[in-house]
Structures are given as C-alpha cells and as structure tokens.
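Have a look at the structure below, then the notes.
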Amino acid sequence: MEGCRWATAGTLLLASLLLSSRTARSEEDRDSLWDAWGSWSECSRTCGGGASYSLRRCLSSKTCEGRNIRYRTCSNVDCPPEAGDFRAQQCSAHNDVKYQGQFYEWLPVSNDPDNPCSLKCQARGAALVVELAPKVLDGTRCYTESLDMCISGLCQIVGCDRQLGSTVKEDNCGVCNGDGSTCRLVRGQYKSQLSANKLDDTVVAIPYGSRQVRLVLKGPGHLYLETKTLQGVKSENSLSSTGSFLVENSSIDFQKFPDKEILRISGPLTADFTIKIRYAGAADSSVQFIFYQPIIHRWRETDFFPCSASCGGGYQLTSAECFDLRSNRVVADQYCHYYPENIKPKPKLQECNLDPCPASDGYKQIMPYDLYHPLPRWESTPWTACSSSCGGGIQSRSVSCVEEDIQGHISPVEEWKCMYTPKMPVVQPCNIFDCPKWLAQEWSPCTVTCGQGLRYRVVLCIDHRGMHTGGCSPKTKPHIKEECVVPTPCYKPKEKLPVEAKLPWYKQAQELEEGAVVSEEPSFIPEAWSTCSVTCGVGSQVRLVKCQVLLSFSQSVADLPIDECEGPKPVSQRACYSGPCSGEATEYTPEETELLYGSLQEFDELYDWEYEGFTQCSESCGGGVQEAVVTCLNKQTRETADEMLCVTSRRPPQLLKACSLDPCPPR
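FYI, the numbering for the sequence shown is -26 to -1, 1 to 641, going by mature numbering (1 follows the signal peptide of the UniProt record, and there is no 0).
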C-alpha cells in the first residue's frame, strides 16, 4: 500500500510539471507571434502631463493575443501659468471654423460625468453646448481636480507618481504617497466684535504653501483678501461676485449668497494670504475656516563634525539644524520647536582617526570612552532666585559643555561635542502657586437698631494653602466698614448703652485697621497691644514696633534697624480704660472723656453727640455734683443742631463730677 501511495504521488508531480511546462511554452508561443516593441512616439504635450505610445506588429497569419499598442505618461512638468488650460486650447482652435454658418468663441465644458473624454464646448454668451470632437487629445485631464488623463478617447487612471494605472495618491500635504507628517490641520472660528471706529478685521493668516483652504462666512460681513509674495509684493483683492479667480497664480473659487459667503482654494498657495472681513450692518458675523498648513521649518541632520583628535583615536558627532524650506536657509531652532510634530533627531557618534600617532611608540590602544576617559558632558550652575515670589516666575542658569581628562582635570570645550545628549534647560518656571489674596468675611449687624449706622467685617490675607499670612497688597484691601440703614423708624429714645454688636466688632475692626502686613519693602510692623496696666480706671498699654522686610526667595521675615523704614513710626504706648472701680463714683477728667469716646468719633455720622463742659456745682460747699453737658453738634461746622438730627447716634452716658469739696463754714 505504501508503494502505491508513492506511485500515485509521483504521477501527480509529473502531471504538474508537464502542465507548467505547457503553460510556459504557450506564453512563449504567444509572445513569439509578435514583433518587438517599437520606439516611443513623441509626447502629446510639452508640459502638464501627456501621453506617448509604442507599437508592435503581429507576425502570425492568425490573430495575435494581446494589444499592439502601449502607453506611458510623459512631460510630467507643470506648465507655466500663461499656458492656459489644455482643454480650453482645443476648444479655442474651433473659433475660426463656422458652426451652422456662424463663428463662435468656444469655452470648455469640463467634468462631464457621462463622457469626460469628448470635446464639449460652450459658445461664449450663449447656452449653446456642442461636441466639437468625439475625443480630446491624448494627455487631456478627464476632470479638473484629477490627474487621470484621456488616452484614445478613454479615461485612464493616473497616480500621483504620474504613472498609468497607478493608484498612489497625494496625502493632505500634497506629498505623493506621503504619510501626512509634513503639514498640520488648522481649524478655527472667528466671531466679529463690532465697534464704532472699526470697519474691518483680520480673520486668519494662511501661509504660503497651504492647501485645501475652505472658509464659510455667515452674517452681513464681506470677505476680502490681502496677499504678500515671497518677494514682498503686497496686493489686495476684493471678492465682489461669484466665480473663479486667479490671485497670485492661485485658483480661487468664491460663492456669494444673500446670507453667507464660501471661499475655496485647493492650493498650494503661491503667496501668504490674509483673509479679512469688512463689516456691514450692526449684526455680528462669524467665519469658520479649515486648511492644511505646511511645516516649513524642519530639522535637517548635519554631516559629522571634525574629529576630536588628529590621531590615536577620537570621536566625531552629527547635529541637527532647523531649515527653512521656503528660503532654503538655516534658521534658529525655535522655529522648529514651534511644531509639535517636529522631533529633533538625536546626534550620531562615531570613532575616527584611529591610526597611531607618530610621536608614540607606533601603537596606541584605543581606550573606550568610559570611566578612564569619559565623554564630554553638560554641566550647569545653580538656579538663580525666582523672578517672582508667587504667581509664576522664571529662574535661569548657565549650561556649558566640559571635558574631563585622564587626570581628572575639567575644562570647557565646544558645545557640539556634547550634542550626543540633549542640552539641559537654561530656564524653568518657579513659584507657580497663586499669590496671597484678601478674603472678606461676612458683615456684622448694623451698629444701630434704627435709622443709619455702620457695619464692619474682618478682612484676612489668605495664601494658596488657605492659611492666614502676609504679602497682600494694602492698595487692594477691601474696606472693613460701610454705612448701613435699618428701616425701623427711630421714634423711641435712644438707649444709653451701645447695641451688643457694636463693641466687639468695633474692637476687631480697630485692630485690623491698626494692623500691618510684612511686604518686600521695609515697613513698620507693630505687634499686638499689651493688656491694660490696671483692672479698673485709666491705665496704659504698650506694644513693640519693629522695622521688618519680607525676603521673597525664602519667604521669611527679617528684622531691620529702625532707621531703614520710612514714614511715621506707629505709637508704642497709649492710654486705656478698664471701667469704673467698684465703690467709686464715675468721674472723668477731660482726658479720660477723650480716651473713652474720642476714638469712636471716626465712626459717627455728620451729626453726633458731644460733651461741652459741665453744669454748675449743685452745692457751693460741703461736696456737690456737676453733670456733663451733652449737645448735638454738626461735626463739620461745629454748630449746635437740633437733637432730632442726632437721633441715629448713641447718646453718651451721663457723666458726674464731684465739686465744692471744701467744708462749709459754720453758720
């Protein structure tokens, strides 16, 4: 059985070989019936892509299989702009030939979907469309936006490589069979911002070489163009009506509708285009735009730099330079860094000049660049202080290329020797946290129960962590007091004592007003007042006043000599009152009266109660009492006013003073 299987397999193999042999001979026989291909004909066009053909003759008396003609593209160079359209030239050739007894000026009819390779033309100024020839000349484009060409009356596929039958296409950047990496998509929207003295505005600047430009304007505005060639020639083009135009050798398709305008440019642009809008009417306009912008700055790898040693073994590196494709010159690296798609190639390193040096014993071992002879490296200085203490600043350092010899001596060398590794950054952001800012608390209740009064609030300086700190600008501090009105009419007599909310809020507001925060300029900073020196009656308080400055780099406070601070120094001592002592009559000197009520006067209204001396003593001897006289005064004119004008202010408490303490003479 096994022998039979081998026999069967051998028979099949032999049959397969015989079949392939017959197929090869049949192809040879088929080709042998033809004569050799002839030479290529002259190209049908001198530019813009034409067709050339080659013929062969059938040598058999029978019919030969295959074609006797073959085609190829030729003259694949762009025609000059003045050459015009190839199909239009064929139509205009019939201008001297009468049609139905009349001469016409013929214009091409392009993009016929049924028969794109027939020569159809339209009479200028008329609706007459005529097929003047069944076939256009070989090399005529089938469609205006395609490379496919008509050959012998049939539309043949042509790739972007200009080869017949090729399906290779251009990418969005216009690169044949490209990957789209040489351009970038730009998409955006413009909205008009009308103003009385503004008649037009720039929508977008589209650089030289851009492709597939499309803009749609909606609204009453009107689009127009400004161009600038690479030679610096400027021009302005107004788009007044629908149609196709040639601007700086770039074909523009413009459509104008009652409520919108559409602008298309297939590109590539042969100049820098600036699209502008001219306002018309009070309504807003918007423009949507999209185009592919070429990456005109690209990295280009350099040749190897000179060898680091003339003999005995050295090294050499390549680098990368930023190249402007428009001007064909090297520019600063920052232009290439603008495009995120651009990745700078890494330098290459190779050994060089490996021959022994003549001054040696004729042989020098090539040591690897390791710990014994390390490669050049980047070294940096410490970072400078941050340019801002908060809100984002920058700090810098210097970076240099150094080389260490076998003895460990370090010396600076040319930067290109370190280019095999990226150079360390020379600037970096710092202190990017938010600056301290003022935070205002809620307002207190009004200081009166009726009429007009004051209210207060606490204002704190808060840093980015939410902590109470210094560093806020005094100029931007919110106010801590404001007027308030209680809608309740003031019909009943005023209470002798203040409203409960007044004293604590007045005390807190007074402390905030007297407080100060440390800044980057030397300033007087008072500490908190000490407690009153007595528990009742009139005493004194003291506090320490320092000259301090905020060090921005370390965010610490430093004490300075007093004479370093400018301006008046805050007082370091003041009087205080702790209430009447138990068992004592409530008597006040004029100084005590000023202490108790003078500091409150800054919160009073235009009309307020004030003390004006005392009444006559109730007794002429033996001990009597004087009562303080309280009157309503206009604080600006210092004139006595009607007591009803002071009804919104608190009437001061009654003050009594002992008098006529001498004993009376005996009767």
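Even for Gly, the Cβ is constructed at its ideal location relative to N, Cα and C.
In this text the structure is predicted, and so the values were computed from the model without any measurement.
- Scanning its chain for C-beta atoms nearer than 7 Å, with the 5 sequence neighbours on each side dropped, one finds around aspartate 174 the residues Lys250, Ile251, Arg252, Tyr253, in chain order.
- Secondary-structure assignment with DSSP links glutamate 295 through a beta bridge to Arg274.
- Beta-bridge partners assigned by DSSP to valine 519: Pro500.
- 7 Å or more divides the Cβ of tyrosine 309 from the Cβ of cysteine 326.
- For serine 418, there is no enclosing alpha helix (DSSP H), as DSSP marks it with neither H nor E.
- Valine 508 and lysine 631 have their alpha carbons spaced roughly 22 Å apart.
- Per DSSP, the unbroken alpha helix (DSSP H) holding glutamine 64 starts and ends at 60 to 66.
- The segment 369 to 388 and the segment 413 to 421 do not touch, with fewer than three beta-carbon pairs separated by less than 8 Å.
- Take the alpha-carbon of glutamine 63 and the one of arginine 115: they are about 13 Å apart.
- In the structure shown, lysine 320 falls within a coil segment according to DSSP collapsed to helix, strand and coil.
- In this structure, glutamate 593 keeps its C-beta atom at 7 Å or more from the C-beta atom of serine 546.
- Between the segment 361 to 371 and the segment 398 to 408 there are three or more inter-stretch CB-CB distances shorter than 8 Å, so the stretches are counted as touching.
- Taken in chain order, the unbroken stretches of beta strand (DSSP E) that lie wholly in the segment 339 to 408 and span 3 residues or more are 351 to 354, 367 to 370, 373 to 378, 384 to 386, 401 to 404.
- Three or more Cβ pairs drawn from the segment 48 to 56 and the segment 23 to 30 lie within less than 8 Å of each other, which places the two stretches in contact.
- Straight through space, the alpha carbons of aspartate 408 and arginine 612 are spaced by roughly 50 Å.
- For histidine 311, no beta strand (DSSP E) segment is defined; the enclosing uninterrupted segment is the alpha helix (DSSP H) at 308 to 311.
- For the pair proline 356 and cysteine 392, the CB atoms are not nearer than the 7 Å cut-off.
- In the structure shown, the three-state DSSP call for proline 448 is helix.
- The beta carbon of aspartate 616 is closer than 7 Å to those of Cys606 in its chain, skipping five residues each way along the sequence.
- Note that the segment 423 to 435 touches the segment 449 to 460; at least 3 beta-carbon pairs, one per stretch, sit closer than 8 Å.
- Contact between proline 82 and serine 92 is absent: CB atoms are separated by about 11 Å, not below the 8 Å threshold.
- Ranked by Cα distance from threonine 292, the first of Pro396, Gln426, Lys143 is Pro396.
- Counting only residues of its own chain and dropping the five nearest sequence neighbours on each side, glycine 513 has a CB closer than 6 Å to the CB of Cys506, Ser507, Cys550.
- At a Cβ-Cβ threshold of 7 Å, methionine 123 and glycine 113 count as neighbours.
- Here glutamate 538 carries a helix assignment [DSSP, helix/strand/coil].
- Judged by their CB atoms, valine 261 and valine 160 are not nearer to each other than the 7 Å cut-off.
- Annotated three-state conformation of glutamate 56 is helix, per DSSP.
- If you draw a 10 Å sphere on the C-beta of glutamine 290, you find 16 or more other C-beta atoms in it, and that means buried.
- Between the C-alpha atoms of threonine 216 and glutamate 119 there is a straight-line separation of about 20 Å.
- The shortest CA-to-CA distance from glycine 425 to any of Asp307, Pro461, Asn146 is the one to Pro461.
- Put simply, the backbone Cα of lysine 543 is about 9 Å away from that of proline 500.
- Around the beta carbon of glutamine 267, a 10 Å sphere encloses 16 or more other beta carbons of the protein chains shown; the residue is thus reported as buried.
- Cα atoms of leucine 237 and arginine 41: separation of roughly 47 Å, rounded to the nearest angstrom.
- Checking the DSSP bridge columns, you'll see aspartate 533 partnered with Gln522.
- In the assembly as shown, cysteine 446 is a buried residue. Its beta-carbon has 16 or more other beta-carbons within 10 Å.
- Taking a cut-off of 8 Å for Cβ pairs, the segment 140 to 156 and the segment 72 to 91 do not touch, as fewer than three such pairs fall below it.
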